[in-house]
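Q:
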Amino acid sequence: MYVCICNGVTDHQIREAAQSGVASVSELTMRTGCGATCGSCLDMAADLLAKFSATHDLPLPVLGLQAA
29 MYVCICNGVT DHQIREAAQS GVASVSELTM RTGCGATCGS CLDMAADLLA
79 KFSATHDLPL PVLGLQAA
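Throughout the sequence shown, residue numbering follows our numbering, covering 29 to 96 in sequence.
1) Tell me where the alpha helix (DSSP H) around valine 109 begins and ends.
2) Roughly how many whole angstroms lie between the Cα atoms of phenylalanine 80 and glycine 49?
3) Got a sec, what are the start and stop residues for the alpha helix (DSSP H) isoleucine 42 sits in?
4) Excluding five sequence neighbours on each side, which residues of the same chain lie with their C-beta closer than 8 angstroms to the C-beta of arginine 43?
Okay, structure coming up:
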């Protein structure tokens, strides 16, 4: 789905940017152009970044508890 109509940025492109390390909306704007024209998409873009990081940046502390 298109998130930024002005610059043709899709939710898929935002997820790809997040996977490559984009963590803030300002960095997303620099990399994709999302929100650079009218800015009406910035809330949705921020939500997508937050949802992606909430589901993909989970630490796995159990892996550090291996028996020696």
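Glycine included, C-beta positions come from ideal geometry on N, C-alpha and C.
A: So, from the listed chains and residues:
1) The displayed coordinates of the chain run from 29 to 96. Any statement about residue 109 would go beyond what the structure contains.
2) If you draw a straight line from the Cα of phenylalanine 80 to the Cα of glycine 49, it is about 11 angstroms long.
3) Where isoleucine 42 is concerned, the enclosing alpha helix (DSSP H) stretches over 39-47.
4) Excluding five sequence positions before and after arginine 43, the CB atoms of its chain that fall closer than 8 angstroms to its own CB belong to Leu76 and Phe80, given in chain order.
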